[in-house]
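Working notes, beginning with the structure itself.
Protein chains: 2
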Amino acid sequence: MSVDRKRLIIEAATKSFSLFGYKATTMDQVAKIANVGKGTIYTFFKNKEELFDEIISTLISEMKREADEAIDPELPFHENVHRALYKILEFRKQHQLTIKLFQEEKEMGTPAVLEVMTRLEAAIIHYVKEKVIEAIKKGEIQACDPELTAFIMLKLYVSLIFDWEKGHEPLEKERIAKIFEQYVFKGLSV
Amino acid sequence: MSVDRKRLIIEAATKSFSLFGYKATTMDQVAKIANVGKGTIYTFFKNKEELFDEIISTLISEMKREADEAIDPELPFHENVHRALYKILEFRKQHQLTIKLFQEEKEMGTPAVLEVMTRLEAAIIHYVKEKVIEAIKKGEIQACDPELTAFIMLKLYVSLIFDWEKGHEPLEKERIAKIFEQYVFKGLSV
DNA sequence: CTGTTGACCATAATGTTCAATTGGTCATTT
DNA sequence: AAATGACCAATTGAACATTATGGTCAACAG
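Line by line, the protein sequences give chains W and Z. This note's numbering puts the first residue of the first sequence at 1, with every later residue one more than the last. This note's numbering puts the first residue of the second sequence at 1001, with every later residue one more than the last.
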């Protein structure tokens, strides 16, 4: 069996998207990095956007895996949500690709990037929502709108981790957990 | 006494900023609308940005006045915070000028507009912060970091009023109050 | 003399053009 | 059958020309 060209292409594209962003990445460049003819890319992916989408799908899976790993079924719900969300946002804050895309979304508003970032947020909310539903079933928290609760949790976390830093000293991980316990979970406790 | 030219200029500029935004408003246009020589503007304001700043200061005062009016000292703290924040954000959502600026901030990132929007947010947080400090003094809520609490309240409100609508049915005013009571104030209750 | 003005200027924004680049195709090669 | 890269239409952006804009100031009016 010859080299796995699809894998080569995905790896090359990921590298290029991470380095230069979506718009600034050319298909020629991807082909060059992957040591592959440009036409080959189009035997695996309908177009540039579909290639991008597949990479984002992988990214979402990775996030999910990282979050799952951070969770310990023995711990209480609020501790696990904190761990999961913190991991996801740290991931987002550190990974080359997400940083670049976040930047491109704000600075250029590339439509394909905007779309994908929405998908990313939806995936995170969906993930948290499932955890909330589980917790309600187990009686760990009181009944509430899971979608709304997940939404509030994510927005609050993003604010605390990304926005607060703009005008203040960053909050310690422990501090964020405490804040969350006090403000959100006390209101959800049974 | 001749006509109050300064007032004319401010009114003209406010109208033009509301209609076309900061960048798209020219000093010639302001002078024309105000029925004033362009040079006159520069006897009252050092430059375009200072004129803009004065208008925003007025806007902030108006917001403060509206919020103060919405507050009823007889009511509990959480009800007043809800009323004040809701008024402020409704104001922001409905007033021509803030809508235009919000749009300009996102779409073009005009530096002067960005600066001013930061100032606006700081003013709102400062306002809420004072209310929080009062409430702590009166023993209405438990001790907490007033700045952080004000920050969280604003961010959550903004998320609920502006972001939630992007993917869902808008939340009723009463619903927002309930959510806030449940998620934030239960954690602050004494 | 005080307050006002608009023609004027340097510079920034905008429109225009066109050669180079890019995403995507497909006849040819391996 | 799989892979390729020359090729094409569409898009982009560098370079230049033109216009518009913020800000000044000598002249003017009351």
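Just so you know, even glycine gets a beta-carbon here, dropped at the ideal spot from N, CA and C.
By Cβ distance below 8 Å, which residues in the same chain neighbour Z/F1102 in space, the five residues on each side in sequence not counted? By 1-based counting over the second sequence, the position of residue 1102 of chain Z is 102. R1092, M1117.
Given a cut-off of 9 Å, decide if W/H82 and W/E11 are closer than it, judged by their beta-carbon atoms. Numbered from its first residue, the first sequence carries residue 11 of chain W at position 11. Numbered from its first residue, the first sequence carries residue 82 of chain W at position 82. No, the Cβ-Cβ distance between W/E11 and W/H82 is not below 9 Å.
Comparing C-alpha positions only, which one of W/E54, W/L19, W/F44 sits nearest to W/A112? The residue given as residue 112 of chain W occupies position 112 in the first sequence. Considering only alpha carbons, the answer is W/E54.
Which residues, in chain order, does the segment 76-102 of chain W contribute to contact with chain Z at a C-beta distance below 7 Å? none
For W/G39, count the other beta carbons within 10 Å of its own beta carbon; 16 or more makes it buried, fewer makes it exposed. Which is it? Taking the first sequence and counting its residues from 1, the one referred to as residue 39 of chain W is at position 39. Its Cβ having fewer than 16 others within 10 Å, W/G39 is exposed.
Where does Z/K1046 land, buried or exposed, given buried means 16+ other C-beta within 10 angstroms? Position 46 of the second sequence, counted from the start, is the residue given in the question as residue 1046 of chain Z. Exposed, because fewer than 16 other Cβ atoms sit within 10 Å of the Cβ of Z/K1046.
Quick check on Z/H1126 - is its C-beta less than 9 Å from some C-beta in chain W? Taking the second sequence and counting its residues from 1, the one referred to as residue 1126 of chain Z is at position 126. No, no contact with chain W.
Alpha-carbon spacing of W/E147 relative to Z/E1169, whole angstroms: Taking the first residue of the first sequence as position 1, residue 147 of chain W is located at position 147. Taking the first residue of the second sequence as position 1, residue 1169 of chain Z is located at position 169. Taking the straight line from one Cα to the other gives about 12 Å.
Using a beta-carbon distance below 9 Å, is W/E130 in contact with chain Z? Taking the first sequence and counting its residues from 1, one reaches residue 130 of chain W at position 130. Not one chain Z Cβ lies under 9 Å of W/E130.
Neighbourhood of W/A177 by C-beta, 7 Å cutoff - its chain only, sequence neighbours within 5 removed: As a first step, residue 177 of chain W is located in the first sequence; it is residue number 177 there, counting from the start. Excluding positions up to five away in sequence, the list reads H82.
Which residue's Cα is closest to the Cα of Z/P1073: Z/K1131, Z/H1095, Z/E1104? Start at 1 with the first residue of the second sequence, and residue 1073 of chain Z comes out as number 73. The candidate whose alpha carbon is nearest that of Z/P1073 is Z/K1131.
Just the Cα atoms here: how many angstroms apart are Z/A1143 and Z/E1134? As a position in the second sequence, residue 1143 of chain Z is number 143, starting the count at 1. As a position in the second sequence, residue 1134 of chain Z is number 134, starting the count at 1. About 11 Å.
Any C-beta of chain Z under 9 Å from that of W/A135: Reading the first sequence from its first residue, position 135 is the one you call residue 135 of chain W. Chain Z, which has no Cβ nearer than 9 Å to the Cβ of W/A135, makes this no.
Could you work out which residue in Z/L1019, Z/L1008, Z/F1162 is closest to Z/E1104 when comparing CA atoms only? Taking the first residue of the second sequence as position 1, residue 1104 of chain Z is located at position 104. Nearest of Z/L1019, Z/L1008, Z/F1162 to Z/E1104, Cα basis: Z/L1019.
Tell me whether the beta-carbon of Z/F1151 lies closer than 9 Å to the beta-carbon of Z/I1125. On the second sequence, residue 1151 of chain Z is found 151 positions in, with the first residue counted as 1. On the second sequence, residue 1125 of chain Z is found 125 positions in, with the first residue counted as 1. Yes; because the gap between Cβ atoms is below 9 Å, this pair is in contact.
Cβ pair Z/L1051, Z/V1036 closer than 9 Å: For this step, residue 1051 of chain Z is matched to residue 51 along the second sequence. For this step, residue 1036 of chain Z is matched to residue 36 along the second sequence. The answer is no: Cβ separation not under 9 Å.
Cβ pair W/K87, W/E121 closer than 9 Å: For the purposes of this step, residue 87 of chain W is taken as the residue at position 87 of the first sequence. For the purposes of this step, residue 121 of chain W is taken as the residue at position 121 of the first sequence. Contact: no.
C-beta atoms of Z/Y1183 and W/V184 nearer than 9 Å: Taking the second sequence and counting its residues from 1, the one referred to as residue 1183 of chain Z is at position 183. Taking the first sequence and counting its residues from 1, the one referred to as residue 184 of chain W is at position 184. Yes.
Under 9 Å between beta-carbons, which chain W residues line up against Z/F1151? List them in chain order, please. For the purposes of this step, residue 1151 of chain Z is identified with residue 151 of the second sequence, where counting begins at 1. By Cβ distance, chain W contributes S159, L160, D163, W164, G167, H168.
How many Å lie between W/E107 and W/L59 at the Cα? Working through the first sequence from its first residue, we reach residue 107 of chain W at position 107. Working through the first sequence from its first residue, we reach residue 59 of chain W at position 59. If you take the alpha carbons of W/E107 and W/L59, they lie about 22 Å apart.
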